[in-house]
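Have a look at the structure below before the remarks.
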Amino acid sequence: MSQTSVKQKKKNETGIRYSKESLDGEKRKESEKSGARLSTQGSQELLPNTDSQGYLVRNQSSRTSRGQPNKPEIEEPRSRSNSIKVETPDSSTTSRTSSASPSQHDSPPPPPVPPSARQSAPSQPSLQLDSQPPTPPEAQLTSRRRSSKQHDTLESKLETRIDSRSHSILRDCRDSKQREYPLTPPMEWKSYSQRRMLYPSNFPMDPDCLAESHQHQQREEEEDEDEDEEAYWESLKKFYEKVPSCSRPRPPKPKNAITIAVSSRALFNMMDARKIYEEEGLEKYIDYQLNNENVILTPGPAFRFVKALQHVNARLRELYPNEQDLFDIVLMTNNHAQVGVRLINSVNHYGLLIDRFCLTGGKSPIGYLKAYLTNLYLSADSEKVQEAIKEGIASATMFDAAKDLGYCDTQLRVAFDGDAVLFSDESEFISKEHGLDKFFQHESLFENKPLAQGPLKGFLEDLGRLQKKFYAKNERLLCPIRTYLVTARSAASSGARVLKTLRRWGLEIDEALFLAGAPKGPILVKIRPHIFFDDHMFHIQGAQKLGTVAAHVPYGFSQKYNP
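Written out as structure tokens, the structure is:
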């Protein structure tokens, strides 16, 4: 430290040590000394100025001399060791030596010089801060004014830039809140073969790549077609499930169902078409059916019987939703396929649940009866019925009623004759060959011997099996099936064997009517069955005249006596 600074320090300590005015003068003198030193060295840099928050503000005057604008920089607060403090006169000397010029902060410190280089290098006079000669007062005043002016200019510029910067940041924030940027979807990855298809057609292409692209495109098209088809059927299924009028129950499985085969002439009235066929031939008959395929056919003799069967199915589905032991109606006819459209239109018009058709085109349908697992065959052609009886299939020839009587729509009513229908014709043979006395003796002698079964015994068993399903649900009084036995036998002489035979078979008959040779027509009018089975034509004709739909069973010994 120089002698001048030591003397000045001692003078201040002994003089006005604790005076505020002396402290301000000391600060002023120190700033004048530092300004004089900087002017002596020829540097245009200023002492570092700090703002109110302790940040260092630099003035790079050396860069302005090269044509560059002044750029104030804001640095972080300096450390405790480098910060400028004004506490006591003792600390002022330390602050002068520790504070460095702005040029020292901008450039890194020079590397240390080895001792050998120091000795070899020429000695240069070193300029220390404490050893500088005093600066004239005029130079101190000029440098002070210049530094204060530059300091004020830098502060104003810095405040202006900070204000403009803050305003621009706030404006950008407001704009970003108001502005809505669209979200760009991610790019879908595509294989080389897919991207290759986007190239121009005249661009040369590798054959292997072309084949691969075609195969890939074909696979995608097939997958799209499969997906579209599945979606179509799924939507169609949902559509039909929502529409009650289009809901149609599925037909039962043939192995579990009671199959009733009905001919077209038994189900519908086709007398006019039959007359054309017999008089004008097959071609005219087909033309007539084609020209009238949109004309609905009128109901035939078996129509109400089929409707009653469907009602039984509906009741069973209510009690047993998954029931398969149901009636399944099959339309069995020797008509040509061209006539099928009119039959389908008529079936749909009346709401008949007939899903299986058999159109043989003039060929006898008897060969298909066993394939369809037929339990009962009803037709208007007696020759085909006889063929079916010979094949061991329960069959009957339908005859329409001469009068239109009202029938019960909520209960299936079936009436059976006894001999040659439910039972065999052995008793019929004895009565025809040996008379009634021998017949009565035979029946009393073999009262406990069950009769042999007839052609309709299986159908009665099917009806009894379905009845028991309703009985299990406490529906005996409301059962939609009711069976009748209408026989010419006498109850006193031959009725016991009939009832014991039904008991031995495990079958129940709801009503048994023994007429002892009286006409059956009046009794049938009271019963009003949907169908009445008998083996004698005079009973069929009597029932037909009084308005009962009758079905002739051509079976047994008595058929040779029938006209």
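All the letters of the sequence shown, read from the start, carry residue numbers 35 to 597 under the working numbering. The beta-carbon is built from N, C-alpha and C at its ideal position, and this holds for glycine as well.
Element boundaries [beta strand (DSSP E), containing residue i]
{"i": "H586", "result": "A584 to H586"}
{"i": "F361", "result": "F361 to T367"}
Between the CA atoms of residue j and residue i - distance to the nearest angstrom
{"i": "K560", "j": "L365", "result": "31 Å"}
{"i": "K341", "j": "G374", "result": "20 Å"}
{"i": "G315", "j": "A526", "result": "55 Å"}
{"i": "Q358", "j": "G395", "result": "31 Å"}
{"i": "E312", "j": "D306", "result": "10 Å"}
{"i": "I464", "j": "E477", "result": "10 Å"}
{"i": "L604", "j": "L541", "result": "Past the edges of the chain, shown from 35 to 597, lies residue 604, and the structure says nothing about it."}
{"i": "F450", "j": "L387", "result": "26 Å"}
{"i": "N369", "j": "N482", "result": "49 Å"}
{"i": "T431", "j": "W267", "result": "44 Å"}
{"i": "Y589", "j": "D569", "result": "7 Å"}
{"i": "P556", "j": "C513", "result": "25 Å"}
{"i": "K491", "j": "H468", "result": "26 Å"}
{"i": "Y505", "j": "R531", "result": "26 Å"}
{"i": "Y319", "j": "L511", "result": "49 Å"}
{"i": "V583", "j": "D262", "result": "53 Å"}
{"i": "I378", "j": "C442", "result": "26 Å"}
{"i": "A250", "j": "L343", "result": "This sequence places His at residue 250; Ala is not what is there. Cα-Cα distance, rounded: 56 Å."}
{"i": "T544", "j": "E462", "result": "Before going on, a small fix: residue 544 reads as Asp here, not Thr. When rounded, the distance between both Cα atoms is 24 Å."}
{"i": "A348", "j": "R562", "result": "22 Å"}
{"i": "G401", "j": "A336", "result": "22 Å"}
{"i": "Q252", "j": "E259", "result": "11 Å"}
{"i": "S416", "j": "L536", "result": "29 Å"}
{"i": "G440", "j": "R338", "result": "10 Å"}
{"i": "H586", "j": "N356", "result": "35 Å"}
{"i": "F302", "j": "I310", "result": "16 Å"}
{"i": "L599", "j": "A435", "result": "There is simply no residue 599 to check, as the chain begins at 35 and stops at 597 in what is shown."}
{"i": "L479", "j": "R516", "result": "32 Å"}
{"i": "K271", "j": "D438", "result": "42 Å"}
{"i": "E509", "j": "A546", "result": "21 Å"}
{"i": "E352", "j": "E317", "result": "47 Å"}
{"i": "S380", "j": "L456", "result": "34 Å"}
{"i": "K466", "j": "P285", "result": "45 Å"}
{"i": "S413", "j": "E264", "result": "43 Å"}
{"i": "N382", "j": "S297", "result": "16 Å"}
{"i": "L403", "j": "L360", "result": "18 Å"}
Residues bridged to residue i [DSSP beta-bridge criterion]
{"i": "Y518", "result": "A449 and E545"}
{"i": "Y411", "result": "A295 and S429"}
{"i": "I565", "result": "V448"}
Where the alpha helix (DSSP H) through residue i begins and ends
{"i": "I423", "result": "S416 to K424"}
{"i": "T394", "result": "No alpha helix (DSSP H) contains T394, which DSSP labels as neither H nor E."}
{"i": "G590", "result": "No alpha helix (DSSP H) holds G590; DSSP gives it neither H nor E."}
{"i": "Q575", "result": "M571 to K579"}
{"i": "Y441", "result": "Run containing Y441: none; DSSP gives neither H nor E here."}
{"i": "I388", "result": "Note, I388: premise wrong, no alpha helix (DSSP H); not H, not E."}
{"i": "V532", "result": "A530 to W539"}
{"i": "G551", "result": "Careful: G551 lies outside any alpha helix (DSSP H) and carries neither H nor E."}
{"i": "Y402", "result": "I400 to L403"}
Proximity test, Cβ basis, 7 Å: residue i and chain B
{"i": "Y266", "result": "Within the model displayed, chain B is absent; a lone protein chain is all it includes."}
Which full runs of the alpha helix (DSSP H) of 4+ residues lie inside the region 463-504, going along the chain? You should have found no qualifying run.
For the pair the region 492-501 and the region 465-476, tell me if three or more CB-CB distances fall below 8 Å. As far as the Cβ criterion goes, the region 492-501 does not touch the region 465-476, which means the pair count is below three.
Within the chosen definition, does the region 563-579 reach the region 417-424 through at least 3 CB pairs nearer than 8 Å? They do not touch, by the three-pair rule.
Counting only runs that start and end within the region 294-353, where is the alpha helix (DSSP H) found for 4 or more residues in a row? The region 294-353 contains these whole alpha helix (DSSP H) runs: 298-301, 305-314, 316-325 and 337-353.
Three or more C-beta pairs below 8 Å linking the region 407-416 and the region 289-301: Using a C-beta cut-off of 8 Å, the region 407-416 makes contact with the region 289-301, since at least three inter-stretch Cβ pairs fall below that distance.
Answer yes if the region 546-562 comes into contact with the region 518-525, meaning at least three C-beta pairs across the two stretches below 8 Å, and no otherwise. Between the region 518-525 and the region 546-562 there are three or more C-beta pairs closer than 8 Å, enough to call the two in contact.
Whether or not the region 443-457 and the region 321-333 are in contact is what I'm after, with contact meaning three or more pairs of Cβ atoms, one per stretch, closer than 8 Å; do they touch? Short answer: they don't touch.
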